[in-house]
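> Supplied in structure tokens, the structure appears directly below.
There are 2 protein chains.
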Amino acid sequence: MTSDKDNTITGKITRALADRIIAGHIAPGSKLRQDHFAEEFGASHVPVREAFRRLEAQGLVVSEPRRGVRVASFDIAEVREVAEMRASLEVLALRHAAPHLTTAILDEAEAINRAGENAADVRAWEETNRAFHRLILTPCGMPRLLTTIDDLHAASARFLFSGFRMEWGAPTDQDHRAILKALRDRQFDVAAATLARHVKWIGAKPGAKPRLKTLS
Amino acid sequence: MTSDKDNTITGKITRALADRIIAGHIAPGSKLRQDHFAEEFGASHVPVREAFRRLEAQGLVVSEPRRGVRVASFDIAEVREVAEMRASLEVLALRHAAPHLTTAILDEAEAINRAGENAADVRAWEETNRAFHRLILTPCGMPRLLTTIDDLHAASARFLFSGFRMEWGAPTDQDHRAILKALRDRQFDVAAATLARHVKWIGAKPGAKPRLKTLS
DNA sequence: GTTCTTAAAATTATAGATAAAAACGAATCT
DNA sequence: AGATTCGTTTTTATCTATAATTTTAAGAAC
């Protein structure tokens, strides 16, 4: 989260490109030409370059000096890496958020969870999934941790959208329910363990086709 | 960790500014004026702006649109936050690195540790401390995790250098030795637990003067 | 047919210039 | 006296233009 509302052109380009990359609209490894996007957004290439730097820091693009930037490609190893990082950090966040979780928050989380079960497509489901995690983790009051988790969520979502269509929904929502129940019962260790397993499961899914190329 | 060797002007400015901010040469909250640094580095302000975006992602500066960037200020809460994140992530890295740790690596780590005991000043000690951690964690083979840890190390170092002069050295090096011993004995859980305590200790140090202002 | 060299085209990286927004200060009004 | 408004000045954000570097392609030599 770079800023509250970033009305600057750089911010708009950053968000637009991030959305496209995450949605898989632009294939991994594609060259991103600054003039192209400058023309598309009706801007010069200077803000485009600044947007590239932000995306680079987010891990969505890789930049080779004097050679331009490409959409970051990821293999199954990196997906697992992101999943493990998420597991560690979300558990940390949950530990600190747990004491501040009110019944109202848990009720809202349950509502989001129910909405996720009826999600029409992967995109909508991912939206509610992210909302769920964000809701129960935000009370930890650790902004740097939350932004790092957000970046990891983006990477996860990218994988989720990229070509591989697995059966999504049921199992994870069961996990969500189990987490909420443990939180209501004040069994924080159980909640944390369930959360860790839940997050890692995404990366360890055997059904994932490893047809993603690694070019670096 | 933007690139291997970043000969571009943006890279040079980024490193120079990061060093100064970490070393405490520029006070937290100070405005960073792009023209000023453009002139100092004999460059235009475009690469300066790109450097700002990188530093922003690293958490070293905060940027308000149309208002410029300021050196990020940090209070004791954020120091603890960074310490906890480091603890979680370094433990994760160590768990994956442990199986690949050779005797040669551990010997080198011990040599670095010895060098750290004779460090003349805080700066030199931090250098060896970072080298130690990096050496035993790199074999995990998780690049994203390692760069995130590097960023957290930078934040930690910033706190270490900022005004507060505590007795450094002895206790942490004992921790380092304990970690190495546990690794040699293949007691990975002990090593991980010691590492976590060691990292958190930095942030929890009661001797730290909380005279750092938070302006946000 | 392959490979090396060389030239041309495309693209990146930076500089210089312009417009717009915010900070600062002075003068005026209450 | 204090507050407020208006204008000046500083600084940011962006655009246009230029230099340098890489990639592409063509042609010649082997």
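The listed protein sequences derive, respectively, from chains A and B. Under numbering that gives the first Met the number 0, think of the first position of the first sequence as 0, with each following residue one higher. Under numbering that gives the first Met the number 0, think of the first position of the second sequence as 0, with each following residue one higher. Backbone N, C-alpha and C fix where the C-beta goes; we use that ideal spot for every residue, glycine too.
Listed in chain order, which residues of the stretch 27-46 of chain B have Cβ atoms closer than 8 Å to some Cβ of chain A?
Val45
> Can you give the Cα-Cα distance for A:Arg19 and A:Ala37, rounded to whole angstroms?
16 Å
> CA-CA distance, B:Gln33 and A:Leu88?
35 Å
> Using a Cβ-Cβ cut-off of 8 Å, state whether A:Gly23 counts as contacting chain B.
no
> Check the Cβ-Cβ distances between A:Val70 and every residue of chain B, and say whether any is below 8 Å.
Residue-level contact check: A:Val70 does not touch chain B, since none of the beta carbons of chain B fall below 8 Å from its beta carbon.
> So within the stretch 106-191 of chain B, which uninterrupted alpha helix (DSSP H) runs reach at least 4 residues, ignoring any that extend past its ends?
121-136, 142-160 and 169-183
> According to DSSP, is A:Leu59 part of a helix, a strand, or is it coil?
coil
> Indicate the three-state DSSP secondary structure (helix, strand or coil) for A:Leu31 in the structure shown.
strand
> For A:Ala154, which residues in the same chain have their Cβ closer than 7 Å to its Cβ, ignoring the five residues on either side in sequence?
Gly58 and Val81
> For A:Leu16, return the contacting residues in chain B, with the cut-off set at a CB-CB distance below 7 Å.
Chain B residues near A:Leu16: none, gap ~14 Å exceeds 7 Å.
> Can you tell me whether A:Arg69 is helix, strand or coil according to DSSP?
strand
> For B:Arg226, would you say it is in contact with chain A, using Cβ-to-Cβ distances shorter than 8 Å as the test?
Here chain B has residues from 0 to 215 only, and residue 226 of chain B is not among them.
> Please report how far the alpha carbon of A:Ser161 lies from the alpha carbon of A:His24, in whole angstroms.
9 Å
> Is the beta carbon of B:Lys216 sitting closer than 8 Å to the one on B:Glu83?
The question about residue 216 of chain B has no answer, for chain B in this structure spans 0 to 215.
> Find the residues of chain B that neighbour A:Thr7, judging by a C-beta separation of less than 8 Å, and give them in chain order.
In chain order: Pro64 and Arg65.
> Is the stretch 130-139 of chain A touching the stretch 94-105 of chain A, taking contact as three or more C-beta pairs under 8 Å?
Result yes; three or more Cβ-Cβ pairs closer than 8 Å.
> Between A:Phe226 and the rest of its own chain, which residues show a CB-CB distance below 6 Å, the 5 nearest in sequence each way excluded?
Residue 226 of chain A is absent from the model: chain A starts at 0 and stops at 215.
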